[in-house]
Structures are given as C-alpha cells and as structure tokens.
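Take a look at the structure below.
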Amino acid sequence: AQIERTLVIVKPDGYSRGLTGEVLRRIEAKGYTLAELQVISPDRERLAKHYAEHEGKPFYEPLVDFMSSGPAVFAIVEGHRCIEGFRALAGATDPTAALPGTIRGDLGRDWGLPVQQNIVHGSDSPESAEREINIWFAG
Ligand code: DAT
Ligand code: MG
C-alpha cells in the first residue's frame, strides 16, 4: 500500500494547555513521520470549508468559535495506514467516553460547553485528508 498522509490539528485547547509536545510525542512514538508543521490561528473562512460537513448541526457555530479562539498546531503526518492509526491514537470524539490510553481519554474531559473540546483533529479518510491539507497548507 502507498504511504498515507493525514491532517492532524492540535486544537486551541490542546495548544493553550501546553499539550502540543505530548501529542507530537505520541505520533512519533507510534512511528509516524511529521512531514510539515505550522502554528496558526485558524480563520473562520477556512474553518467553514474544513467543517463543511457539520454546517447546520447544533455544535457547528460553537465549534467554529472554539477553533478560531487562538493558535493551533497543524501537522501533515505520514505513514502506512496513518489515518486509521492516528484516529485510534486520538480516541473517541467525546473525551469523557474516550478510552484511557488515547490522547482524548488521557488528556481530555467535558468542560460543560456546547462543543466538545477534545484536543486533536485527525482526518477520517484519504479524500478528507487531501481536502483538508489543501485548505491549510499552500503548495
Ligand atoms: P471527530 O473530531 O472525532 O472526527 P466529528 O468530525 O464528528 O468528530 O466532529 C468534529 C468536532 O465537532 C469534534 O471533534 C467535536 C465537535 N463535536 C462533534 N460532535 C459533537 C457533539 N455531539 N456535541 C458537541 N461537539 C461535538
Ligand atoms: Mg471528523
């Protein structure tokens, strides 16, 4: 199989809590490669493209507010089956339900907010990965 790429984001909660190194450490410890890295404050225009599939859902506006609230780390991660592999590292979307041993399960919790602040994003398919990488990385 060809080497996959996935877009990983250390979201503003993870960045502001100082968890970037811990997340990147787990990615590297798993054996994946950090091909590109950047710290940016996500703008609402690109977030709308990134989260187009969720437009209209009750958590959509809070999600865009949260994601545009401060700096985040964007990484292109490479490796065989890294899309599935990173989502396994990340754990379930709801950090309360995410299993211990996962990023969200070990480091996340429910803060009583309308959106789940769950530390990381990972693309869910090869098509999503290429689409998302093109939104956040030029060239
Ligand atoms: P994932 O990030 O696990 O791929 P998703 O793509 O379904 O999950 O949703 C994108 C983000 O939106 C997710 O990371 C947190 C938030 N979210 C999803 N479902 C939610 C819900 N039911 N209530 C609150 N926030 C939610
Ligand atoms: Mg998703």
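When the letters of the sequence shown are read in order and numbered with my numbering, they come out as residues 2 to 140. The beta-carbon is built from N, C-alpha and C at its ideal position, and this holds for glycine as well.
### Message
Tell me which residues share the same chain as residue 125 and place their Cβ nearer than 8 Å to its Cβ, disregarding the 5 neighbours each side in the sequence.
### Response
84, 88
### Task
Leaving aside the five residues before and after residue 33 along the sequence, list all residues of the same chain whose C-beta is less than 6 Å from its C-beta, in chain order.
78, 80, 83
### Task
Output the distance between the C-alpha atoms of residue 58 and residue 2, rounded to the nearest integer angstrom.
36 Å
### Task
Give the straight-line distance between the Cα atoms of residue 10 and residue 67, rounded to the nearest whole angstrom.
13 Å
### Length of the line joining the Cα atoms of residue 104 and residue 15
10 Å
### Query
Under the three-state reduction of DSSP, which class applies to residue 92: helix, strand or coil?
coil
#### Entry: CB-CB length for residue 120 against residue 51, believed under 8 Å
Contact flag wrong, Cβ pair sits at about 17 Å.
### Message
Relative to the C-alpha of residue 139, which candidate in 24, 45, 60, 75 has its C-alpha closest?
### Response
75
### Query
Is the beta carbon of residue 116 sitting closer than 8 Å to the one on residue 63?
yes
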